[in-house]
Amino acid sequence: MTTIDERVSKLDTSVAVQGQEIKGLATKADLERMVNDLKTFVTNELSPMKADIGNVKVDIASIKTEITHHATKAWVYATLAVASIGALGAIGSIFTVLNVAPKH
């Protein structure tokens, strides 16, 4: 697996067009600066335990727990909705049978 540094070192920022060389928009130094910025961001901001968004510390584990909690609640509500629809259907069937049954 190649590292970011290896990929950047292989980049050519120029393009050959009809035998002429056209310089790319980014120089190798620009790309290296961008890679360093990305590495810094990944190292400092996207650590496994926390991220710093603005001035607010965010605990990634808490976010995962909250997402799981809401997903579980949504699943419970969906299950209850389906069960309620099934129960209403059963009650409707009973009334249909009672209404169709011969009356004395």
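In terms of full-length UniProt numbering, the sequence shown has 10 at position 10, counting the first letter as 1, and numbering is strictly consecutive.
Ideal Cβ placement from N, Cα and C applies to all residues, glycine included.
6 angstroms CB neighbourhood of residue i in its chain, flanking five on each side removed
i, result
"M1", "Unreliable positioning characterises M1 in this predicted model, as indicated by a pLDDT of 47, which lies under 50. A coordinate reading is not provided."
"V17", "In this prediction, V17 scores a pLDDT of 49, lower than 50, which makes its location untrustworthy; no coordinate-derived value is stated."
Distance, residue j Cα to residue i Cα
i, j, result
"N99", "A90", "14 angstroms"
"T79", "A71", "12 angstroms"
"V76", "L31", "49 angstroms"
"V82", "T96", "21 angstroms"
"F41", "R33", "12 angstroms"
"I94", "A87", "11 angstroms"
"K73", "E66", "11 angstroms"
"H69", "I85", "24 angstroms"
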